[in-house]
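In our numbering, the protein residues as written are 1 to 515.
Read the structure below first, then the notes.
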Amino acid sequence: MANNEDLFKNIISHSKEYGYIFPSSEIYDGLSAVYDYGQYGAELKKNLRDYWWKSMVQMNENIVGIDAAIFMHPTTWKASGHVDAFSDPLIDNKDSKKRYRADVLVEDHMAKIEAKITKEVEKAKARFGESFNEETFRSTNARVLENQTKLNDIHTRFKNALEANDLADVRQLIIDCEIVCPVSGSRNWTEVRQFNLMFSTAMGSVSEEAATIYLRPETAQGIFVNFLNVQKTGRMKIPFGIAQTGKAFRNEIVARQFIFRMREFEQMEMQFFVKPGTELEWYERWKETRMKWHNSLGISSEKYRFHDHIKLAHYANAACDIEFEFPFGFKELEGIHSRTDFDLSSHEKFSGKKLRYFDAEDNESYIPYVVETSIGLDRLFLAVLSTAFQIEKLNTQEGEESNERVVLRLPDFLAPVKVAVLPLVKKDGLPDRALELFHSLKPHFMCQYDEKDSIGKRYRRQDAIGTPLCVTIDHQTIEDGTATIRHRDSMQQERVPMDKIASILREKIDASVKA
Ligand code: GAP
């Protein structure tokens, strides 16, 4: 754990040092759980957003993209259920005065018991080697059985309490599980209360006339209220999808873990409208499609897993998360929800406008059911960045004294800068030749020109921001028109004709897309 904590701290400081992510309004000491993306962060984020958009919208003839406003009519949030039900159960520790999400305290406690079971299994596996049968061990070992029973009991009680909205029992469960405040170490807990997560503001210049409106807590509602506009103008036939990326806002109480849980963040959502009765089939298809998409980013499939929801949201008849193994453990990266016809029916009721689809094939009119895929762009960013970040010991030193390098092994197609053009020295006509190449590449790729410091230092700078290729222009270039290409991951160098560089780069970037 200590190692992962160190790794996470290193990622956070690297992000700041190399222009990926800054604390928001840092000169005023920052704003809690709000971050700004710097010059490289903004590029990586854009590349991730573009890749999602391409796979969702460009590659699917039956999915179109929209860009709805952040501000929406206040009744939207009454209809969606967010005014009444978008809240977290909170509990305070009276000694430390720290506030926690009650459900997170219980889930963390369950994760600890699960970790104990895994440890027992791992120990036995190491002891018995080849002859080890995990299933038999799990069903016979006394310590595993005891912990598994404990876990099942907590799980059942927790699920029942959440479903019945029995906050007193959630509190009692925290007490019965002997969960202590991580800061004070005490069990001196307040009651559990619900706290609405929506930010509100006032619209209109005269305050008396101002209407309270909310900053959208999810982008999905902008899709639902435009369902008929898009269906009619795009002559869309069911099944079809509407995709959207954009900012969402939640007044998270326990905002932590860097950009994992923020108060202002970006979502990439897609609502897929289907015929009632077919939604669970589509739900399974989208689960599979989205997992494949994650695997196309070139990250090991072991880093992902599905997690079925214990408590279904008010609108869902099936729901799961794709969890990712962040440096602080497996956590939600994307949600896939079968939202039934809840949203459209509710908007129909609140607006008095029909939101139905006429199915010409079956000659019937109905409110479509919806399967949603919803991923946080910032979480995706963190998943990609934390996997790419590596500190490597080096044998070859490329003219540098340090025998260590920090490298972002980003998939090439996602890297903020695709190629750096570097004259070996700042004289003998090398900068002119390098600039000529740089200007010819920049209409096609994000490029950088750098002539400052030794070549070794410049390679390290490019490694640290994840640039897949560096091209070095040297004296031989003037003689025979070849240059050195240096690959980020292998640090291998090769000489190539200058006029081949653009196509080598294009091939390398294309090859890194695994979809
Ligand atoms: N429309 C459905 C919806 O919003 P959600 O599970 O609440 O579902 C979807 O959110 C995704 O948005 C999550 O899987 C996560 O990636 C991202 N997300 C949610 N809250 C977030 C926060 N406070 N900070 C960063 N990302 C967040």
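Ideal Cβ positions, reconstructed from N, Cα and C, are used throughout, including at glycine.
(Q) Applying the 10 Å Cβ sphere with the 16-neighbour rule, what's the burial state of residue 28? (A) Only exposed fits residue 28, as fewer than 16 other CB atoms lie within 10 angstroms of its CB.
(Q) Can you list, in chain order, the residues of its chain with a C-beta nearer than 6 Å to that of residue 124? Leave out the 5 residues immediately preceding and following it. (A) Taken in chain order, the residues that qualify are 137.
**Q.** Beta-carbon proximity list for residue 116, same chain, < 7 Å, skipping 5 on both sides
**A.** Spatial neighbours of residue 116 in its own chain (CB-CB distance under 7 Å, excluding positions within 5 residues in sequence) are listed in chain order as 147.
**Q.** Given 8 Å, three or more beta-carbon pairs between the segment 267-283 and the segment 228-242
**A.** Taking 8 Å as the limit for Cβ pairs, the verdict is that the segment 228-242 does touch the segment 267-283.
Q.
From the DSSP secondary-structure annotation, give me the bridge partner or partners of residue 374.
A. DSSP links residue 374 through a beta bridge to 269, 335.
Q: Alpha carbon to alpha carbon, how far is residue 213 from residue 202? Give it in angstroms, no decimals.
A: The straight-line gap separating the alpha-carbon atoms of residue 202 and residue 213 is approximately 6 Å.
Q: Write down the C-beta distance between residue 49 and residue 236 rounded to the nearest angstrom, noting that I regard them as a contact closer than 8 Å.
A: Distance from residue 49 to residue 236 at the Cβ level is roughly 23 Å; contact not present, criterion being Cβ atoms closer than 8 Å.
**Q.** Buried versus exposed call for residue 26 [16 or more other C-beta atoms within 10 Å across all chains shown]
**A.** Residue 26 should be labelled exposed.
Q: Might you give, ordered along the chain, the residues of its own chain that have their beta carbon closer than 8 Å to the beta carbon of residue 498, omitting 5 neighbours on each side?
A: So the qualifying residues of the chain are 437, 477, 481, 482, 483.
Q. Distance, Cα to Cα, residue 1 vs residue 365?
A. Annotation note: pLDDT 42 at residue 1 (below 50); position unreliable, coordinate value reported separately. Cα to Cα, residue 1 sits roughly 56 Å from residue 365.
Q: Answer yes or no: do residue 373 and residue 221 have a C-beta to C-beta separation smaller than 8 Å?
A: Taking 8 Å as the Cβ cut-off, residue 373 and residue 221 do not qualify as a contacting pair.
Q. DSSP three-state call for residue 1: helix, strand or coil?
A. Any reading at residue 1 must be qualified, since the residue scores a pLDDT of 42, below 50, and its modelled position is unreliable; no value is offered.
Q | Among 339, 160, 114, 429, nearest to residue 143 - alpha-carbon criterion | A | Distances from the alpha-carbon of residue 143 to those of 339, 160, 114, 429 put 114 closest.
Q.
Which of the three DSSP states is assigned to residue 59 in this structure?
A. Here residue 59 sits in coil by DSSP.
**Q.** Option nearest residue 8 by Cα separation, candidates 375, 443, 259
**A.** For residue 8, the closest alpha carbon among the candidates 375, 443, 259 is that of 259.
Q: Would you check if the distance between the CB atom of residue 195 and the CB atom of residue 88 is smaller than 8 Å?
A: Yes, the pair counts as a contact, with Cβ atoms nearer than the cut-off.
**Q.** Per-residue DSSP class, three states only, for residue 315
**A.** Note: residue 315 maps to coil in three-state DSSP.
Q | Every unbroken beta strand (DSSP E) within the segment 201-251, with a cutoff of 3 residues, ordered by chain | A | Counting whole runs of 3 or more residues, the segment 201-251 contains the beta strand (DSSP E) stretches 211-214, 240-249.
Q. Name the DSSP bridge partner or partners of residue 393?
A. In the DSSP output, where bridge partners are listed per residue, residue 393 has 404.
Q | Buried/exposed call for residue 126, threshold 16 Cβ in 10 Å | A | Its Cβ having fewer than 16 others within 10 Å, residue 126 is exposed.
Q) Taking the continuous alpha helix (DSSP H) assigned at residue 459, which residues delimit it? A) If you look at residue 459, you'll find it in the alpha helix (DSSP H) that goes 455-465.
Q: Compute every distance between the C-beta of residue 15 and the non-hydrogen atoms of ligand 1, then say whether any falls below 7 Å.
A: No, since every heavy atom of ligand 1 falls outside the 7 Å radius drawn around the Cβ of residue 15.
Q: Would you decide whether residue 262 is buried or exposed? Buried here means 16 or more other CB atoms lie within 10 Å of its CB.
A: The residue in question, residue 262, is buried, as its Cβ has 16 or more Cβ neighbours within 10 Å.
Q.
So for residue 516, helix, strand or coil by DSSP?
A. Because the chain here runs from 1 to 515, residue 516 falls outside it and cannot be looked at.
Q) What number of angstroms, rounded off, separates the C-alpha of residue 4 from the C-alpha of residue 328? A) Cα to Cα, residue 4 sits roughly 7 Å from residue 328.
**Q.** Completely contained beta strand (DSSP E) runs for the segment 59-127, where each covers 3 or more residues
**A.** Unbroken beta strand (DSSP E) stretches of 3 residues or longer found wholly inside the segment 59-127: 63-65, 87-92, 99-101, given in chain order.
Q: Determine the extent of the alpha helix (DSSP H) in which residue 479 is found, giving its start and end residues.
A: Note, residue 479: alpha helix (DSSP H), 475-480.
(Q) Bridge partners for residue 523 per DSSP, in chain order? (A) Residue numbering for the chain in the displayed model covers 1 to 515; residue 523 lies beyond these limits and cannot be assessed.
Q) Taking the alpha helix (DSSP H) that residue 589 falls in, what are its first and last residues? A) Coverage of the chain is limited to positions 1 through 515, which leaves residue 589 absent and any answer about it impossible.
Q: Return yes when the Cβ of residue 33 is within less than 8 Å of the Cβ of residue 252, no when it is not.
A: Closer than 8 Å, so yes.
Q: Alpha carbon to alpha carbon, how far is residue 446 from residue 462? Give it in angstroms, no decimals.
A: In a straight line, the C-alpha of residue 462 is about 13 Å away from that of residue 446.
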